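In my numbering, the protein residues as written are 1 to 322. Beta carbons: idealized from backbone N, C-alpha and C, even for Gly. Since the model is a prediction, treat every value here as computed from it, not as a measurement. Shown next, in structure tokens, is the structure this report addresses.
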Ligand SMILES: NC(=O)c1ccc[n+]([C@@H]2O[C@H](COP(=O)([O-])OP(=O)(O)OC[C@H]3O[C@@H](n4cnc5c(N)ncnc54)[C@H](O)[C@@H]3O)[C@@H](O)[C@H]2O)c1
């Protein structure tokens, strides 16, 4: 199989899982936000091959591949810090990268799995969010480069299913966390973990009563693999995430407690278009994939905090990205 975005947080865990399942994996990545270090386990596997390439450019490297059975498109900056820094590259990888994925799927007959996001729901007016909800997205706001390019990719992939008859599925991923997240990627869990480990106050944007649901990485990967391999209808769109909903202030308290530090917070202004509530409806994943998350937030955070504690040079990485 071909895995675009293999060196990223999710991509590298997906590579490890598929290799362990006996698949052959060709990982493609331009290392824009990912790292070769994430592929340390995969690199030692005889069935793994890495190609450094930008998937927004024509896929000339694809000529040298054995015919893949699956193309998983996970290449895209995913954190507001990353896509805020590279909005045009983010739009390119979700538009042109997805189009190239469709083209390879058409040419080879491979199944395509596109990694979309709960951001397609924007600041939702319907709660929780089922796959049938169309979203409430600002098309010209600061997050639009990400939200709207994912929406474009979803439209392109589903149009290709109808027009070309390819086999494609879309996974709408809700906030996922765990080892290999970058300490400085600006997402709330790395921010809180790093601040707690340094004994600094946790920065809460707005009043902290906005909610999120957080899915541990192993649960997410299980859902993704099931969707990739399921006898599902082409064009299926499935939410994968954890429906347990927490306020940001609750999350801060749990992380401080696990880190063994008193909870100290400072308040900062809410970024524009920050969604007030996010929680997936996972009825479809339950019925189609017999999937639901198993890891409770506290258990996943213990493992994640351990990773951040051990992440060598984490503070240097953070300093270099601010
Ligand atoms: N992590 C989450 O909570 C989350 C939530 C919703 C959706 N997603 C989606 O899952 C996918 C992976 O997210 P992640 O958290 O692992 O992010 P990440 O930044 O850790 O990984 C993305 C990978 O894609 C690579 N990449 C980016 N542009 C590329 C290009 N033009 N060509 C080749 N490689 C490129 C990066 O170098 C990186 O290795 C993304 O599509 C993202 O939108 C993630």
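Could you check the C-alpha separation between residue i and residue j for me, to the nearest Å?
i, j, result
"residue 216", "residue 165", "34 Å"
"residue 87", "residue 31", "16 Å"
"residue 305", "residue 154", "34 Å"
"residue 269", "residue 25", "43 Å"
"residue 151", "residue 52", "26 Å"
"residue 176", "residue 140", "26 Å"
"residue 206", "residue 124", "18 Å"
"residue 282", "residue 221", "15 Å"
"residue 9", "residue 181", "6 Å"
"residue 127", "residue 279", "7 Å"
"residue 145", "residue 93", "11 Å"
"residue 129", "residue 85", "28 Å"
"residue 11", "residue 29", "10 Å"
Quick one: measure Cβ to Cβ for residue i and residue j, integer angstroms, because I've assumed they're closer than 8 Å.
i, j, result
"residue 75", "residue 109", "Not quite, the Cβ-Cβ distance comes to about 22 Å (not below 8 Å), so this is no contact."
"residue 137", "residue 147", "5 Å"
"residue 33", "residue 77", "5 Å"
"residue 218", "residue 295", "6 Å"
"residue 189", "residue 214", "7 Å"
"residue 169", "residue 118", "That pair is no contact at about 16 Å."
"residue 14", "residue 45", "No, residue 14 and residue 45 are not in contact; Cβ-Cβ is about 13 Å, not under 8 Å."
Ignore the nearest five residues each way along the sequence and tell me which others in residue i's own chain have a CB closer than 6 Å to its CB.
i, result
"residue 160", "102 and 166"
"residue 111", "70 and 167"
"residue 264", "201"
By Cβ distance below 8 Å, which residues in the same chain neighbour residue i in space, the five residues on each side in sequence not counted?
i, result
"residue 106", "160, 164 and 166"
"residue 133", "121, 124 and 126"
Assuming contact is defined by CB atoms lying nearer than 8 Å, are residue i and residue j in contact in what I supplied?
i, j, result
"residue 303", "residue 178", "yes"
"residue 286", "residue 210", "no"
"residue 255", "residue 196", "yes"
"residue 301", "residue 249", "no"
"residue 113", "residue 72", "yes"
"residue 284", "residue 238", "yes"
"residue 289", "residue 253", "no"
Examine ligand 3 and report whether any of its heavy atoms sits within less than 7 Å of the Cβ of residue i.
i, result
"residue 287", "Ligand 3 is not among the ligands present in this structure, which contains only ligand 1."
What residue does the alpha helix (DSSP H) around residue i start on, and which one ends it?
i, result
"residue 74", "Element bounds for residue 74: n/a, residue is neither H nor E."
"residue 147", "144-164"
"residue 222", "217-229"
"residue 232", "Element bounds for residue 232: n/a, residue is neither H nor E."
"residue 189", "188-198"
"residue 78", "Element bounds for residue 78: n/a, residue is neither H nor E."
"residue 309", "297-310"
"residue 37", "Premise fails: residue 37 is in no alpha helix (DSSP H) and is neither H nor E."
Go through its chain and collect everything with a Cβ distance to residue i's Cβ below 7 Å, but skip five positions before and after it.
i, result
"residue 186", "79, 80 and 81"
"residue 171", "113, 115, 116, 224, 227, 238 and 240"
"residue 291", "222, 223, 226 and 285"
"residue 232", "169 and 288"
Starting from residue i, trace the beta strand (DSSP E) both ways and give me its first and last residue.
i, result
"residue 246", "245-247"
"residue 52", "48-52"
"residue 214", "From DSSP, residue 214 is part of no beta strand (DSSP E); its letter is neither H nor E."
"residue 114", "111-117"
"residue 324", "In the structure as shown, the chain begins at 1 and stops at 322. Residue 324 is therefore absent and cannot be evaluated."
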